[in-house]
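Engineer: Structure in structure tokens, see below.
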Amino acid sequence: MRTLLVDNDDSFTHNLFHLLAEVNDREPQIVRFDDPSWRPGLLRGFDNVVLCPGPGTPHDRLGNAVSAEICRQDRLPVLGVGLGHQTIALLHGGAVSRAPWPCHGRISPVRHTGAGLLRHLPNPLEVVRYHSFAVTGLSPVLEPTAWATDDGVVMALRHRSLPLFGVQFHPESAGTDTGRQLLAAFGELTERHHASRRGPTLFASGPSLLTAGPSLLTAGPRKAAAVNTGAGARSAAAAGTRRAPAVTAGAGRAPVRLPGAGRSRPPRRGLRVLAERLETRWEAETVFDHLFRSGDHPFWLDSSKTDGGPGRVSVLGNADGPLARVATANVVRGTVSVRAPGTAPEVVRSPFLRLLDEDLRSLTVEVPKLPFDFALGWVGCLGYELKAECGGTRAHRSPTADAVMVFADRAVVLDHDTDTTYLLALAEEGDEGPARSWLTFASARLAALPPTPVPPVPGARFPAPSRPVRPRLRLRHERERYLKLVAACQEELASGQAHALFLANMVEARTDLDPWQAYRVLRRLAPAPFGAFLGFGALSVLSSAPERFLRVDRQGWAESTVTNGSRPRGSTPEEDALLIADLATSEPERAAHLTLVDLARHDLGSRAEAGAVTVDPLFDVVTCPEGHRLVSTVRARLRQDTTAVAAFRSAFPGGSVTGAPRPGTMRALDRLESGPRGIHTGAIGYFSLSGAADFGLATRTAVFNGHRLRYGVGGAVTAPCDPDAVFEQTAREAGPLLSLLGARFPGHGTPEPSGVGPHGSRGAASRAFPGAATEYGH
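Position in the sequence shown (from 1) plus 401 gives the number in my numbering.
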């Protein structure tokens, strides 16, 4: 069965795509609601049409030719979901206005007549709702077929004479159990409709309408045949594993253009990653301090919280190697500055992510078998303003670089699960001398280090400061202004423009604090699985990020973990049990959490093989020392033609720091926040030569630019939330910074009991920041 899927600029479209592909056993074709090349004759190649949900109201789109033509014809059955449902009603004499209250991610019981689409479905059934507007009046030609039992809103309708059907709820949501059955019923109605017209029952064997023009109809995720790219690919296929498209393993002889160089270079020989394994006898801080910190652009992806969670490895290195590069993005200018060792920077006019993707695709690299995914590659940070390359706009100029990545040709990896150290070096085929010399040097340097770990107690190795540094912190939006912005966000929700919004604020100060000494303290105050220290010239990034943004493994599986929703630890097991039960059953937190789960499914689904997106677990409660968290994990098998960089581009910025639908929420936040976020809510991590990637979400991150310190905070805004509570969330998120500086959040109580001296000395405080929340603003 051939389905046309009309994309209404929503962040759930690809969830419908995958469900339709599974039900129809054929992938639908996607057309945007505003495609200027639309013409009515294109409907002849389809069996039915699905109108997707979307932001806003149908009144905004009454003049849209695509929706109007589809909803007024009688040849093809049409199913409208959300906004599509409202569009059908409005175009056929119904009324659409604000619902009794906004419902975003909320699960409601529904009673129905059992007619049409709802045949064979449970009665009542539970469905997921994302809407602020609803059908509030019906014309004689429209028949209501389902209602929400809690507020009476029409949840389904059908036209009495045309093959038009609508559902206000979302059958594609991870929280709607009967979505597959509903779409299967739509398929049965389609077959009966075509049979009754005594014409061809289905057009499934007809030609693809992609030939009508690629700007109009686009295929979504598809099942792709494996591509044989050499000996390495053949061995991978034989072993039943997926080959990462960014890397060709084996003894290929294709010319290699080294990373980051926009200029033409003579053909290079193949590359090979050399590895040496040692038993770990050193603390990561000691290794970084002695091997990399004094070099060019040192980086440390620091899993300082190694409790069996996501922080398995720490990655340490710099840009001192002979094959290293440093790439720096300027989004406003649309350029990337690329610098190789001993050369002047070269400015390349290119989107930053495209440059990385092309460079990785150009390489021919032999990667050894390692127990982790990192095998050298691009390491660094990508700021929020890079959204301009990912569907957002160039709204604000960041005070720092929009992205800085080091092509690391040498690194040390500490595997915390096995207490093993790996030395990695990149060598050119036939010239392994420099790489092997560095492995020998690094091994000898580590052997000479004292095996005693750095004391874990904050302040144990720092003298008391002669004077604590308690700089005056300034907020971009002071409390009263921030509360007004929260109210403005709530109006966005009420007007149907968004399902959720995450409003950022910026803490700023001038300080003489030494970034390296500050990070040594910060990682003890707030250990995190995605911590990081980046010493990139005048820019220093100190992160205690608790949340993963995106991971892509070597086999092409992408993973995103949603952690919105938390409770503190109780003082007794009985209190813990009550807190866990409260979190597990909290309707507002489950609704906000589900919104982000469905957004993550859409993001990964846009690059995934059809039917290869899963959620497991969903709404799991995980207990850790800091508190109880609501956790869901979305996984997707990427298409064979998709790279880790492409998957990153589809998911960036993270939904947990923007909202949904993401294109509209980013525009609203650009207007409301009135300034750049910079590194805050961007990503810190790597794109590996193995084809893998792993990035933490850059929250709880201090950014030093000379003597200027910036620390982003934010709060989750939902329709029923208390603006004062959202502001308090931002203050709690600043906890690591407040503990580090011995400062107070503007408008709050007394300072923390200690600070860090001007050259990094630490006071006598023993209280570490508890870090109860592990998500942005909850």
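Where is the CB? At the ideal position from N, CA and C, for every residue including glycine.
Report the start-end ranges of each alpha helix (DSSP H) in the region 406-491 that is 4 residues or longer and not cut off at the edges.
Structural biologist: Qualifying alpha helix (DSSP H) stretches, in chain order: 414-425, 466-473.
Engineer: How about Gln487 and Val497: do their beta carbons lie closer than 8 Å?
Structural biologist: Locating residue 487 in the sequence shown gives position 86, where the first residue counts as 1. Locating residue 497 in the sequence shown gives position 96, where the first residue counts as 1. Yes.
Engineer: Report the residue from Arg734, Ala828, Gly588, Val555 whose alpha carbon sits nearest the alpha carbon of Leu764.
Structural biologist: Counting from one through the sequence shown, the residue named residue 764 turns up at place 363. If we check each option's Cα against that of Leu764, Ala828 comes out closest.
Engineer: I'd like to check one pair, Gln956 with Ala1069: are the Cβ atoms closer than 8 Å?
Structural biologist: Within the sequence shown, the letter at position 668 stands for residue 1069. Within the sequence shown, the letter at position 555 stands for residue 956. No, the Cβ-Cβ distance between Ala1069 and Gln956 is not below 8 Å.
Engineer: In terms of DSSP beta bridges, what is Ala946 paired with?
Structural biologist: Locating residue 946 in the sequence shown gives position 545, where the first residue counts as 1. Looking at the DSSP assignment, Ala946 forms a beta bridge with Phe931.
Engineer: In chain order, what are the residue ranges of uninterrupted beta strand (DSSP E) at least 3 long that sit wholly in the region 666-708?
Structural biologist: The qualifying runs are 672-680, 700-703.
Engineer: Should Gly781 and Val805 be called a contact, given that it needs their Cβ atoms to be closer than 8 Å?
Structural biologist: Locating residue 781 in the sequence shown gives position 380, counting from the first residue. Locating residue 805 in the sequence shown gives position 404, counting from the first residue. Cβ atoms of Gly781 and Val805: closer than 8 Å.
Engineer: Please report the distance separating the alpha-carbon of Arg593 from that of Glu1027.
Structural biologist: For this step, residue 593 is matched to residue 192 along the sequence shown. For this step, residue 1027 is matched to residue 626 along the sequence shown. Rounded to whole angstroms, Arg593 to Glu1027 spans 57 Å at the Cα level.
Engineer: Assign Asn425 to buried or exposed, taking buried as 16 or more other Cβ atoms, counted over all protein chains shown, within 10 Å of its Cβ.
Structural biologist: Taking the first residue of the sequence shown as 1, we reach residue 425 at position 24. Per the 10 Å Cβ criterion, buried.
Engineer: Taking His460 as the reference, give the member of Asn449, Arg499, Ala422 with the closest Cα.
Structural biologist: Your numbering for residue 460 matches position 59 in the sequence shown. With distances taken between Cα atoms, His460 lies closest to Arg499.
Engineer: Take Ala1120 as the anchor and find which of Gln430, Ala901, Leu984 has the nearest alpha-carbon.
Structural biologist: Here the question's residue 1120 lines up with position 719 in the sequence shown. Comparing Cα positions, the closest option is Ala901.
Engineer: Three Cβ pairs or more, each shorter than 8 Å: is that satisfied between the region 818-836 and the region 708-725?
Structural biologist: A contact exists between the region 818-836 and the region 708-725.
Engineer: Identify every residue that forms a DSSP beta bridge with Phe1105.
Structural biologist: Taking the first residue of the sequence shown as 1, we reach residue 1105 at position 704. Answer by DSSP bridge pairing, in chain order: Ser941, Leu1110.
Engineer: In its own chain, which residues sit with a C-beta less than 6 Å from the C-beta of Leu754, not counting the 5 before and 5 after it?
Structural biologist: The residue labelled residue 754 in the question sits at position 353 within the sequence shown. The residues are Glu790, Val1046, Arg1050.
Engineer: What's the C-alpha gap between Ala889 and Ser533?
Structural biologist: Sequence index remark: in the sequence shown, residue 889 carries index 488 (1-based). Sequence index remark: in the sequence shown, residue 533 carries index 132 (1-based). Computed Cα separation, rounded: 15 Å.
Engineer: With a threshold of 16 other CB atoms inside 10 Å of the CB of Leu463, please say whether the residue is buried or exposed.
Structural biologist: Position 62 of the sequence shown, counted from the first residue, corresponds to residue 463. With fewer than 16 other Cβ atoms within 10 Å, it is exposed.
Engineer: For Met806, write down the residues that DSSP places opposite it in a beta bridge.
Structural biologist: As a position in the sequence shown, residue 806 is number 405, starting the count at 1. Answer is Ala728, Gly781.
Engineer: Have a look at Val407 and Pro974 and give me their C-alpha separation to the nearest angstrom.
Structural biologist: By 1-based counting over the sequence shown, the position of residue 407 is 6. By 1-based counting over the sequence shown, the position of residue 974 is 573. Cα-Cα distance, rounded: 51 Å.
Engineer: By a C-beta neighbour count over all protein chains shown, 10 Å radius and 16 as the cutoff for buried, is Glu428 buried or exposed?
Structural biologist: For this step, residue 428 is matched to residue 27 along the sequence shown. Per the 10 Å Cβ criterion, buried.
Engineer: If you run the structure through DSSP and keep just helix, strand and coil, what is Ile981?
Structural biologist: Here residue 981 refers to the residue found at position 580 when the sequence shown is read from its first residue. Residue state, collapsed to three classes: helix.
Engineer: Would DSSP call Arg654 helix, strand or coil?
Structural biologist: For the purposes of this step, residue 654 is taken as the residue at position 253 of the sequence shown. Reliability fails at Arg654, whose pLDDT of 28 lies under 50, so the model's placement of it is uncertain and no value is given.
Engineer: For Ser412, collect the residues of the same chain with a Cβ closer than 6 Å to its Cβ; drop the 5 residues on either side in sequence, then sort them by chain order.
Structural biologist: Working through the sequence shown from its first residue, we reach residue 412 at position 11. Correct list, in chain order: Leu1000, His1003, Ala1061, Pro1062, Arg1063.
Engineer: Bridge partners for Thr962 per DSSP, in chain order?
Structural biologist: For the purposes of this step, residue 962 is taken as the residue at position 561 of the sequence shown. DSSP output for Thr962 lists Thr1034 as bridge partner(s).
Engineer: Between which two residues does the alpha helix (DSSP H) carrying Asp1125 extend?
Structural biologist: Start at 1 with the first residue of the sequence shown, and residue 1125 comes out as number 724. First-last of the alpha helix (DSSP H) with Asp1125: 1124-1134.
Engineer: Given a cut-off of 8 Å, decide if Arg726 and Thr736 are closer than it, judged by their beta-carbon atoms.
Structural biologist: In the sequence shown, the residue the question calls residue 736 occupies position 335. In the sequence shown, the residue the question calls residue 726 occupies position 325. No, the pair does not count as a contact, with Cβ atoms beyond the cut-off.
Engineer: Among residues of its own chain, excluding the 5 on either side of Pro525, which ones have a beta-carbon nearer than 7 Å to its beta-carbon?
Structural biologist: Looking up residue 525 in the sequence shown gives position 124. Hits under 7 Å: Pro510, Val511, Arg512, Thr550.
Engineer: Assuming contact is defined by CB atoms lying nearer than 8 Å, are Ser468 and Phe418 in contact in what I supplied?
Structural biologist: Counted from its first residue, the sequence shown places residue 468 at position 67. Counted from its first residue, the sequence shown places residue 418 at position 17. No, the Cβ-Cβ distance between Ser468 and Phe418 is not below 8 Å.
Engineer: Where does the unbroken beta strand (DSSP E) through Cys890 begin, and where does it stop?
Structural biologist: Within the sequence shown, the letter at position 489 stands for residue 890. Careful: Cys890 lies outside any beta strand (DSSP E), inside the alpha helix (DSSP H) at 880-895.
Engineer: From what residue to what residue does the beta strand (DSSP E) around Leu560 run?
Structural biologist: Reading the sequence shown from its first residue, position 159 is the one you call residue 560. The question names Leu, but residue 560 is His in the sequence shown. Run containing His560: 555-560, per the beta strand (DSSP E) assignment.
Engineer: Could you tell me if Val733 is buried or exposed, where buried requires 16 or more neighbouring beta carbons within 10 angstroms of its beta carbon?
Structural biologist: Working through the sequence shown from its first residue, we reach residue 733 at position 332. Exposed, by the Cβ-count rule.
Engineer: If you reduce the DSSP assignment to three classes, tell me which class Val739 lands in.
Structural biologist: In the sequence shown, the residue the question calls residue 739 occupies position 338. Residue state, collapsed to three classes: strand.
Engineer: Tell me Trp548's beta-bridge partners as DSSP assigns them.
Structural biologist: Within the sequence shown, numbered from 1, the residue matching residue 548 stands at position 147. Trp548 is bridged to Arg512, Val555.
Engineer: Just tell me which of Ser1089, Ala796, Arg873, Leu1090 has its CA closest to the CA of Leu1073.
Structural biologist: Along the sequence shown, read from residue 1 onward, the residue named residue 1073 stands at position 672. Residue Ala796 is the option with its Cα nearest to Leu1073.
Engineer: Taking DSSP's pairing of strands, which residues face Met1067 in a bridge?
Structural biologist: Within the sequence shown, residue 1067 is the residue found at index 666, counting from 1. BP columns for Met1067 are empty, so no partner.
Engineer: For Thr821, report the span of its beta strand (DSSP E) as first-last.
Structural biologist: Counting from 1 along the sequence shown, the entry for residue 821 is found at position 420. Run containing Thr821: 821-829, per the beta strand (DSSP E) assignment.
Engineer: Under 8 Å by Cβ, that's how I've got Gly455 and Leu492 pegged, so tell me the actual separation to the nearest angstrom.
Structural biologist: Stepping through the sequence shown from its first residue, residue 455 is reached at position 54. Stepping through the sequence shown from its first residue, residue 492 is reached at position 91. No, Gly455 and Leu492 are not in contact; Cβ-Cβ is about 15 Å, not under 8 Å.
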